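Novice: Numbering (this note's numbering), first residue to last: 11 to 363.
(1) Tell me the start and end of each unbroken alpha helix (DSSP H) in the segment 203-251 that is at least 4 residues and wholly inside, in chain order.
(2) Report the option in 282, 275, 328, 325 whose CA atom is closest to the CA atom of residue 304.
(3) Tell me the rounded alpha-carbon separation between residue 40 and residue 14.
(4) Could you pull out every residue in the same chain whose Cβ sits closer than 8 angstroms to the Cβ of residue 71, ignoring the five residues on either side in sequence?
(5) Under three-state DSSP, which class holds residue 283?
(6) For residue 291, which of helix, strand or coil comes out of DSSP?
(7) In terms of alpha-carbon separation, which member of 270, 176, 54 lies closest to residue 191?
(8) Within 8 angstroms, do at least three Cβ pairs link the segment 279-291 to the segment 106-123?
(9) Using three-state DSSP, classify residue 143 as helix, strand or coil.
(10) Between the C-alpha atoms of residue 298 and residue 238, what's the straight-line distance to the nearest angstrom?
(11) In whole angstroms, what separates the C-alpha of residue 306 from that of residue 42?
(12) What do you get for residue 302, buried or exposed, if any count of 16 or more other CB atoms within 10 angstroms of its CB means buried?
(13) Under 8 angstroms: do the segment 53-60 and the segment 80-89 share three or more Cβ pairs, one atom per stretch?
(14) DSSP three-state call for residue 323: helix, strand or coil?
(15) Touch check for the segment 321-338 and the segment 141-151: three-plus C-beta pairs under 8 angstroms?
(16) Would you kindly work out how many angstroms separate the C-alpha atoms of residue 258 and residue 198, rounded to a whole number?
(17) Below 8 angstroms on the Cβ atoms is my contact criterion, and I expect residue 262 with residue 293 to pass it. Report the Cβ-Cβ distance as a whole number of Å.
(18) Taking the alpha-carbon of residue 129 as reference, which of 255, 344, 348 has the nearest alpha-carbon?
(19) Label residue 300 either buried or exposed according to how many other C-beta atoms from any shown protein chain fall within 10 Å of its C-beta, with 16 as the threshold for buried.
(20) Find the nearest neighbour of residue 347 within the set 116, 217, 320, judged by alpha-carbon distance.
(21) Using the three-state DSSP reduction, which class does residue 183 fall into: helix, strand or coil?
(22) Please classify residue 79: does DSSP put it in a helix, a strand, or coil?
(23) Need the endpoints of the alpha helix (DSSP H) that residue 351 sits in, please.
(24) Looking at residue 109: is its Cβ nearer than 9 angstroms to the Cβ of residue 12?
(25) Quick one: is residue 185 buried, meaning 16 or more other Cβ sit within 10 Å of its Cβ, or exposed?
(26) Taking residue 158 as the reference, which of 336, 352, 95 has the closest Cα?
(27) Using CA coordinates, which residue listed in 244, 69, 26, 103 is at the minimum distance from residue 282?
(28) Can residue 285 be considered in contact with the ligand FAD, in the sense that its beta carbon sits closer than 8 angstroms to one or more heavy atoms?
(29) Would you kindly report the start and end of the unbroken beta strand (DSSP E) that includes residue 94?
(30) Tell me, to the nearest whole angstrom, how far the beta carbon of residue 234 is from that of residue 26; I am working on the premise that it is less than 8 angstroms.
(31) Hey, how far is the Cα of residue 195 from the Cα of residue 139?
(32) Contact check, residue 113 vs residue 50 under 8 angstroms by CB: the rounded distance?
(33) Within the continuous alpha helix (DSSP H) that includes residue 305, where are the two ends?
(34) Kindly give me the distance between the Cβ atoms of residue 183 and residue 154, rounded to whole angstroms, as I take these residues to be in contact under 8 angstroms.
(35) Note down the Cα distance separating residue 38 from residue 210, rounded to an integer number of angstroms.
(36) Tell me whether residue 212 is buried or exposed, calling it buried when 16 or more other Cβ atoms sit within 10 Å of its Cβ.
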């Protein structure tokens with residue numbers, strides 16, 4: 011049995027990036043339970059922050075999408091896929107079903123999904139939205155206190171402002187490694203000059219500087235200046251083959267929301283690994299339900315060397331559970347069965363605020 015809870019939560023601070031500034035988090039929490047039982051499986055549907063999203067309308071669509079389907083049916087995934095859900099709907103539903111199955115096997119989701127040993131903790135990068143240099147330095151100082159040594163910086167459409175932010179952070183914290191994320195908003199005609207402008211800084215990679223799909227040859231040239239990570243494209247084997255054949259990127263960013271669930275995330279990660287392409291897991295603007303699903307996915311990756319983009323939970327306070335402890339730049343994999351915790355449902359969060 012599925013139950014759906016609408017999410018409309020005020021953010022603790024504005025989420026600022028190339029596509030605007032946002033103060034509200036929308037979404038849907040998905041719960042799975044046996045008939046007359048308590049929920050044991052959890053998932054989340056999280057839109058991109060700038061997308062119009064009505065939780066109530068989405069719940070109506072989800073009820074129609076799952077009508078007649080039993081989440082505990084062994085063929086549930088195949089039957090759901092016959093109905094062609096979009097990736098974010100599928101992610102929420104499959105996450106809830108898989109965490110429920112894991113809970114019934116008395117296993118954490120990561121161990122349930124993986125036939126080999128999982129990592130018990132994962133490294134995370136810090137997160138810095140498009141703020142002024144003074145605020146950027148203040149935020150990064152707090153991240154370093156937790157042992158974080160990699161920070162992802164969201165870029166805006168103002169290259170000069172982005173440069174000032176990066177320069178201030180790098181000058182103040184010279185050992186810090188950086189990742190830049192323009193979300194495809196940089197102008198292709200200016201990209202070579204922009205890359206060279208940022209080249210002096212310790213940048214691990216630039217994530218989707220321009221849209222990936224139509225610019226593979228261009229990206230191959232740009233990555234000679236600064237490494238590039240693919241995001242929002244490379245989500246199927248066909249797309250990934252095109253990226254690999256073009257030698258266009260150095261990393262692949264994986265988001266379960268975009269890939270359509272932890273099962274598909276693992277499939278793409280496995281294929282990328284066989285081709286020698288390292289993957290970095292990140293989350294959308296999600297509660298700790300969605301973020302924790304992504305943490306379980308990261309724990310099953312072949313390598314534990316990269317930091318992953320999960321430090322987004324502080325945008326939502328209070329969250330659906332206690333935030334994980336960050337120690338030496340890592341967070342632990344939950345050890346309890348299923349998702350690893352019983353989240354507060356949105357009505358309880360509203361009461362808590």
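For each residue, glycine too, the CB sits at the ideal point set by N, CA and C.
None of these values were measured; they are calculated from a predicted model.
Specialist: Quick look at the numbers:
(1) 226-232
(2) 275
(3) 5 angstroms
(4) 99
(5) helix
(6) strand
(7) 176
(8) no
(9) helix
(10) 28 angstroms
(11) 18 angstroms
(12) buried
(13) no
(14) helix
(15) no
(16) 15 angstroms
(17) Actually they do not touch by this definition, with Cβ atoms about 15 angstroms apart.
(18) 344
(19) buried
(20) 116
(21) coil
(22) coil
(23) Per DSSP, residue 351 belongs to no alpha helix (DSSP H) and is neither H nor E.
(24) no
(25) exposed
(26) 336
(27) 244
(28) Ligands are entirely absent from the displayed structure, and the ligand FAD is therefore not among its contents.
(29) Unbroken run through residue 94: none, as it is neither H nor E.
(30) Contact flag wrong, Cβ pair sits at about 31 angstroms.
(31) 15 angstroms
(32) 4 angstroms
(33) 298-309
(34) 7 angstroms
(35) 42 angstroms
(36) exposed
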